[in-house]
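Student: In this note's numbering, the protein residues as written are 559 to 974. Positions of the beta carbon are idealized from the N, C-alpha and C atoms, including for glycine. Here the structure is a predicted model, which means the values were calculated and not measured.
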Amino acid sequence: MSTRVLKTSLAIAIATASSQLMASGFAINEQSVSNMGTAFAGRSSSADDATTVFGNPAGMARLKREQVSLGAAAIYARTDIDDASSTFGGSNDGDMVPFIAAPMGYYVKPLDDNWAVGFGMYVPFGLVTDYENGFAGRYYGDRSEVRVITLQPTISYRFNDQWSIGFGPTINRIDGELTSSTLNAGSLGSNDGKVKIKGDDMALGYNVGVLFELTPQTRFGLTYHSMVDYKLEGDTKIEGAGFGPFSGSSYDASLALKTPESVDFSVTHALNEDWTVYAGSTWTRWSRLEEIRVDNSGVPGPLAPSLGAIVEEQNWHDTWAHAVGAAYQLNKQWVLRAGLAVDQSPTNNVDRSPRIPTGDRTIVSFGAAWSPDDDMTIDLAYSYLMEEDTEITKDAYSSTYKNSAHGLGAQVTYRF
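#1: Touch check for the stretch 762-774 and the stretch 794-804: three-plus C-beta pairs under 8 angstroms?
#2: Using DSSP with H/G/I as helix, E/B as strand and the rest coil, what is phenylalanine 584?
#3: Which residue marks the beginning of the beta strand (DSSP E) containing valine 591, and which one marks its end?
#4: By the three-class DSSP mapping on this structure, what secondary structure does phenylalanine 801 have?
#5: In this structure, how does DSSP classify serine 604 when only helix, strand and coil are distinguished?
#6: Take tryptophan 721 as the anchor and find which of Val970, Met618 and Ser643 has the nearest alpha-carbon.
#7: When burial is assigned at 16 or more other CB atoms within 10 Å of the CB, is glycine 806 buried or exposed?
#8: Whole-angstrom Cβ separation of glutamate 658 and alanine 630, contact assumed at under 8 angstroms?
#9: What are the complete beta strand (DSSP E) segments, minimum 3 residues, inside the stretch 887-959?
#10: With C-beta atoms as the reference, is isoleucine 755 less than 8 angstroms away from leucine 736?
#11: In this structure, does DSSP put threonine 610 in helix, strand or coil?
#12: Return the chain-ordered list of same chain residues with a C-beta closer than 6 angstroms to the C-beta of leucine 847, the five sequence neighbours on each side being excluded.
#13: Which residues bound the beta strand (DSSP E) around proline 668?
#14: For proline 774, which three-state DSSP category applies?
#15: Closer than 7 angstroms by C-beta to serine 824: which residues in its own chain qualify, once you throw out the five before and the five after it? Chain order, please.
#16: When DSSP builds the beta bridges, which residues end up paired with asparagine 765?
#17: Of the choices Ile586, Val611 and Arg716, whose alpha-carbon is the least far from that of glycine 726?
#18: Measuring alpha carbon to alpha carbon, tell me which of Thr728, Ser643, Phe717 and Ser929 ends up nearest phenylalanine 677.
#19: Measuring CA to CA, which of Ala954, Gly967 and Ala968 is closest to glycine 648?
#20: So, with DSSP's three-state summary, where would you put leucine 628?
#21: For serine 592 and glutamine 969, what's the separation of their Cα atoms in angstroms?
#22: Is the distance from the Cβ of valine 686 to the Cβ of proline 661 below 8 angstroms?
Here is the structure:
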């Protein structure tokens, strides 16, 4: 069995950043459908509904009524793989991301003119990639799934008409599963071995924000989402003729992983009673992901050199995302939104693999909000992601990925 192929194929599912996400790396942007309509421009300064628990917890102090926001965003991705070349043969169908949805829910209650409390549930990271059987790049990535679910109790305080702050600890659960093919003693196809790794963990982080209202028409927001330090514990299962008498065995596996911190700055400005414009930038410290290291304990001597400790280089770099947007108050019931965002990829041309085939992207978004009365608002949003062609170059596999994605979100806000 090839040590090189085994080493590459065993990086655990936390590295399964897919280009079909609406944010860079393996982050998910869709924590608010009302913000999705402006491509998330103004996310930390708009504070229009309970989703500000994530966007900027300081914004809870602006909300005058108790309210709840519930929603979900669905992502449909498409990938075309061109100019593929593989020593091992196989297909290159692409479209390896199934239709998925990310739920969200928030609650905010003002206690008085200064204090407010809230709670949020959202999905900040995760996705699934699932290539077809016989995929030509299967030794560098087969099926991967990762998800993070976050709970955030939150509090905010308004000092005066201009300044407010907010803070919320985050309780984060991460779990992932990876299935990869391995080359068995030079054999191909149906004789491939299989390696499956599962792991999970819970860890704490926090979300803190500041909101400054320069005038009743103009406000600035700054939000910091902390790094979260995980140590996933799980197991590695192996099967296939190439593993000999060890086929069917299971070993304890562990992985240390830090999801990156990010800083979001934005401005919201009301031009008049009808038009509001937004702009924002987000910095994410993806350079924390230098490598993926999986440690397996109890591995027998013949497998120890390749299976005991597996390291896959990532060498990601920090990224910037920038967005602009606008909202138009069509009448008392309807608001129309639009936005444009550009987002850097954290990957590099040397270490990029079929598991992480992501490049720089441009996102165009449209949205609408309907308020039949003062108590309820229904938000809808649509986003289209266009990504630059991305090249994968490995020892035994090369190809060009052409990625795109459609995002659709719906959200209901009810005020008590």
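Tutor: Working from what's here:
#1: no
#2: The sequence position of residue 584 within the sequence shown is 26, counting from 1. Looking at phenylalanine 584 - three-state DSSP - the assignment turns out to be coil, as it is neither helix nor strand.
#3: Your numbering for residue 591 matches position 33 in the sequence shown. Per DSSP, valine 591 belongs to no beta strand (DSSP E); it is in the alpha helix (DSSP H), 591-594.
#4: Numbered from its first residue, the sequence shown carries residue 801 at position 243. Note: phenylalanine 801 maps to helix in three-state DSSP.
#5: Numbered from its first residue, the sequence shown carries residue 604 at position 46. It is coil, neither helix nor strand.
#6: The sequence position of residue 721 within the sequence shown is 163, counting from 1. If we check each option's Cα against that of tryptophan 721, Met618 comes out closest.
#7: Indexing the sequence shown from 1 puts residue 806 at position 248. The residue is exposed, with fewer than 16 neighbouring Cβ atoms inside 10 Å.
#8: Within the sequence shown, residue 658 is the residue found at index 100, counting from 1. Within the sequence shown, residue 630 is the residue found at index 72, counting from 1. Inspection of the sequence shows that residue 658 is occupied by isoleucine rather than by glutamate. With a Cβ gap of about 10 angstroms, isoleucine 658 and alanine 630 do not count as contacting.
#9: 892-901, 919-928, 934-945 and 948-951
#10: Against the sequence shown, residue 755 aligns to sequence position 197. Against the sequence shown, residue 736 aligns to sequence position 178. Yes, Cβ-Cβ distance for isoleucine 755 and leucine 736 is below 8 angstroms.
#11: If you number the sequence shown from 1, residue 610 lands on position 52. Three-state DSSP puts threonine 610 in a helix.
#12: As a first step, residue 847 is located in the sequence shown; it is residue number 289 there, counting from the start. Taken in chain order, the residues that qualify are Gln872 and Trp874.
#13: In the sequence shown, counting from the first residue as 1, residue 668 sits at position 110. Unbroken beta strand (DSSP E) run through proline 668: 658-668.
#14: Here residue 774 refers to the residue found at position 216 when the sequence shown is read from its first residue. Coil, per DSSP.
#15: As a first step, residue 824 must be located in the sequence shown, where it is residue number 266. Closer than 7 angstroms at Cβ, skipping near neighbours: Ala599, Gly600, Arg601, Ser602, Ser603, Gly779, Tyr836, Ala837 and Gly838.
#16: Working through the sequence shown from its first residue, we reach residue 765 at position 207. Paired residues: Gly726 and His783.
#17: Position 168 of the sequence shown, counted from the start, is the residue given in the question as residue 726. When each option's Cα is compared against that of glycine 726, the closest is Val611.
#18: For this step, residue 677 is matched to residue 119 along the sequence shown. Closest option to phenylalanine 677, Cα to Cα, is Thr728.
#19: For this step, residue 648 is matched to residue 90 along the sequence shown. The option with the nearest alpha carbon to glycine 648 is Ala954.
#20: Within the sequence shown, numbered from 1, the residue matching residue 628 stands at position 70. Strand at leucine 628.
#21: Working through the sequence shown from its first residue, we reach residue 592 at position 34. Working through the sequence shown from its first residue, we reach residue 969 at position 411. Rounded to the nearest angstrom, the two C-alpha atoms are 7 angstroms apart.
#22: As a first step, residue 686 must be located in the sequence shown, where it is residue number 128. As a first step, residue 661 must be located in the sequence shown, where it is residue number 103. No, they are not a contact pair.
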